[in-house]
Each structure stands twice: as C-alpha cells, then as structure tokens.
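These notes concern the structure reproduced below.
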Amino acid sequence: MRPDQRPMRRLPTLEARRDAFEKCVFCPKLCRTTCPVSNEEPRETLTPWGKMSMAYFSAHGDVDATESFASPAWACTGCRACTNACDHKNDVAGTLFDARSALVASGLAPKGAREVLDSFDAHVAKTDEATKKLAHETDARADARTHVVVGCEYVHHAPAAAADVMRASAALLGAPVALSRGCCGLPLLYAGDLARFARHAEAFASSLRDADHVLVADAGCAMALKKHYPAAGVTVNPKVELLVEAAARSLTRLAMLRTDVRVRYHDPCQLGRGLGIYEAPRAILTRILGKAPDEFDERRERATCSGAGGLLPRTMPETSKRIATSRAAEHRKLGGGLVITGCASSLRAFRNAGVDADDISTLLARSLA
Ligand code: SF4
Ligand code: SF4
C-alpha cells in the first residue's frame with residue numbers, strides 16, 4: 282500500500298493534518314537552515330522535516346510508542362521561520378501542536394510538558410492573585426470599557442513591564458482600563474492538551490464579554506486570542522487589538538525620549554510571522570527615538586527566534602538558552618545597546634542572556650507620561 286494510503290492507526294486524530302505531514306515527509310527540506318532549534322542542536326530529527334516525519338511515523342505506528350520518538354514534537358518554539366521559507370507555506374508549528382495533543386492523549390509527553398499540564402490550575406490561581414495586586418497598584422477599574430490582557434509572563438517575570446502596559450494603555454485611551462485576570466491558556470496548547478485549551482479559552486473569552494474593546498500587550502496572548510481561539514472554535518466578541526496597533530494609530534501623542542543608547546528592535550515571532558505586525562512597533566520607536574531603531578541582520582519575516590516560545594524553555598531548557606545566547610551575541614556584534622521587543626518570553630530570554638532589554642510598553646508608558 283502506498284504510504285499516503287495507509288491509515289494513521291495509532292494517532293488517528295492526526296488524519297486531518299495528513300497533507301501538512303506529507304508535504305514535509307516527502308520534501309527535500311528546503312527550510313532546514315531556518316529552524317532555531319536544529320541550528321543550535323544539529324540533529325536531523327530536530328529539523329522541521331525531522332520533527333514532522335517523527336510525528337507522522339508515530340501516527341502510523343511505524344516507530345515505537347516511546348517518549349524518545351514523541352519528544353521531537355516539543356522541540357519547536359512555534360516561530361514559523363520554516364513556514365516563511367517553505368514554498369508550500371506549510372504550517373509546521375500548528376501541525377506539531379496538534380501532534381503534541383495526540384501524543385499526550387496516548388500517554389506520551391516529555392517531562393516539561395507534563396509538569397506544565399499538571400501545574401496549570403495552580404498557575405492560573407497564582408496569576409489571578411498577581412493580577413489582582415497589579416490592578417490595585419495601577420488603579421485599574423473593573424467597570425472600564427477597555428480590558429487589558431497583560432499576559433502572565435509579564436505579570437510573573439517582568440512586573441515593571443506589566444505595570445507599564447497598564448499605564449501606557451490608560452494614558453493612550455485617556456481613560457481608566459480594566460485588567461483581565463488569569464491566563465489565556467496558551468501553555469495548555471503548547472503543552473499538548475487541545476481539549477482543555479478549548480475549555481479554558483471558552484471561559485477566558487466569556488470573562489471578556491462585558492468589554493467593548495480588548496487591548497493585548499503580549500504577542501503570544503494576542504496570537505492565542507486572534508488565531509488559536511478561533512481555531513479551537515472559540516470567539517472573543519469585543520474587538521481585540523494589540524497595544525502597539527493602538528499606539529501606532531496615535532503617533533502624534535507620543536513624546537520623543539532623549540537617549541544616547543543605541544536601541545535595536547527584535548521582531549517577536551508571534552507578532553511578526555504570526556500576526557503580520559512589523560510596521561507598528563517600528564513606527565512607534567521611530568517617533569519616540571526621533572530616528573529608526575537599529576535592526577538585527579535577520580529581521581521582519583526573516584527575524585530569528587529568541588528561543589523562548591512553544592514551551593521550549595520547559596522541554597529543552599539548555600537549547601532554549603543557547604538560542605538566546607546566539608541572539609545576544611548577534612546583538613553585541615552589531616554594536617549592542619538596548620533591545621526592545623514586544624513579547625514577554627523574548628524579553629525574559631534576552632535578559633537571561635545578559636542583554637539590556639525592555640518591552641516596547643515601557644517606552645510607550647514613559648513617552649505618554
Ligand atoms: S516546511 Fe516546507 S520546506 Fe520545510 S520540510 Fe516542510 S514542506 Fe519542506
Ligand atoms: S516553527 Fe520554528 S522552531 Fe518550529 S520547526 Fe519551524 S523553524 Fe523550527
């Protein structure tokens with residue numbers, strides 16, 4: 282029987298992704314140099330082709346049902362660099378997220394992913410507490426018409442940037458804002474529980490139903506609300522907008538900030554390749570700095586991942602650190618200075634790699650003060 286006629290007997294839910302798998306499995310690996318994971322860990326199974334092939338073979342039952350054959354599905358930051366380089370624009374990240382879910386359902390997941398799933402309820406409770414405190418500190422108003430989704434990575438790991446998101450949002454609108462509590466649920470999707478992600482998304486979307494407008498700071502949360510929720514059958518009714526999109530519409534309100542420091546912009550993968558937003562942050566920085574920001578050699582559609590997405594810091598922490606170290610080295614080679622990004626995971630990765638880094642919300646808050 283031809284390979285494309287065999288049923289996926291072990292992981293049948295992946296039949297819906299057969300076309301995406303087979304594009305990669307039978308491909309001469311045109312995207313192989315683009316993957317941040319296999320560029321740091323030069324193993325064939327960690328190239329986009331290798332990860333897709335391993336999940337395809339697992340789905341058919343051609344390889345043993347073991348963690349070593351399952352884990353390549355988690356060796357992906359979801360950066361979409363391979364998709365950008367692919368002639369078919371094949372959705373490798375989305376397919377691997379589905380593969381994670383099928384593998385988790387069959388009892389196979391790496392330790393880091395299992396830990397995220399097991400501790401998710403505690404994570405939500407902790408995020409609820411932290412957002413309550415942030416709401417109090419930033420004079421958020423529960424009855425305001427605009428709700429701000431700050432993102433749990435900011436709340437837990439960059440609290441000053443989280444407060445800047447709230448200040449920048451209120452200053453931009455010229456009115457109090459409400460702070461949305463809890464987590465959008467993206468860790469569930471990345472860890473590999475699609476059904477639980479869909480249930481959580483439904484509850485989170487319902488918590489936003491009284492808002493007229495939702496402002497989102499973190500590129501990953503925005504990707505969740507705008508792309509992953511609809512893919513899971515969940516609609517967010519109020520208009521969802523990135524804080525950088527709203528700020529880019531009000532450029533004349535942004536004051537110039539004098540600085541002698543070189544400022545380099547890093548395109549977050551979910552903001553750029555995920556949501557197609559490249560101009561808004563550059564327009565904001567150009568206005569605030571009085572000149573265009575410095576750039577990485579690889580930028581916009583070709584920007585290189587900081588290694589912090591897709592749960593890689595939990596499933597392959599050393600590889601994730603090496604990817605961030607490579608970005609830090611590129612930054613220093615280009616003259617160093619301050620890195621500005623728009624994603625809490627990237628912000629954390631750059632800072633952990635010893636780079637002076639800030640979120641674009643921090644510059645917005647200072648510019649609008
Ligand atoms: S993403 Fe595209 S280029 Fe890369 S292996 Fe798959 S089909 Fe080939
Ligand atoms: S989405 Fe990024 S990390 Fe994942 S396989 Fe493609 S290039 Fe690699």
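All letters in the sequence shown, in the order written, are residues 282 to 650 by the numbering used here.
The beta carbon of each residue, even a glycine, is placed where N, CA and C say it ideally should be.
Short of 6 Å from the beta carbon of C465, and not among the five residues preceding or following it, lie these beta carbons of its own chain, in chain order: F485, C502, A505. For V318, the shortest C-beta to heavy atom distance toward ligand 2 is below 6 Å.
Three or more beta-carbon pairs separated by less than 8 Å are not found between the stretch 614–630 and the stretch 376–389, which leaves the two stretches without contact.
With fewer than 16 other Cβ atoms from the protein chains shown falling within 10 Å of its own Cβ, H369 counts as exposed.
Distances between the C-beta of P511 and the heavy atoms of ligand 2 are all 6 Å or more. The beta-carbon separation of C312 and P323, rounded to 15 Å, does not stay under the 8 Å limit for a contact. Here E348 has L389, P391 as same chain residues with Cβ atoms under 7 Å from its own Cβ, once five neighbours each way along the sequence are excluded. The stretch 438–448 and the stretch 508–520 do not touch, with fewer than three beta-carbon pairs separated by less than 8 Å.
For D640, the enclosing beta strand (DSSP E) covers residues 638–640.
Taken in chain order, the stretch 328–372 contains no complete beta strand (DSSP E) segment of 3 residues or longer.
By the beta-carbon neighbour count (other beta carbons within 10 angstroms, threshold 16), K572 is exposed.
Per DSSP, the unbroken beta strand (DSSP E) holding V620 starts and ends at 619–622.
Around the beta carbon of M333, a 10 Å sphere encloses 16 or more other beta carbons of the protein chains shown; the residue is thus reported as buried. Counting C-beta pairs with one atom in each stretch, the stretch 591–599 and the stretch 562–580 have fewer than three that are closer than 8 Å, which means they do not touch. The stretch 630–648 and the stretch 582–593 touch, with three or more beta-carbon pairs separated by less than 8 Å. The beta carbon of D474 sits closer than 8 Å to the beta carbons of S382, V385, L398 from its chain, once the five residues preceding and following it are set aside; these are given in chain order. Under the Cβ criterion (8 Å, minimum of three pairs), the stretch 435–442 counts as touching the stretch 404–422.
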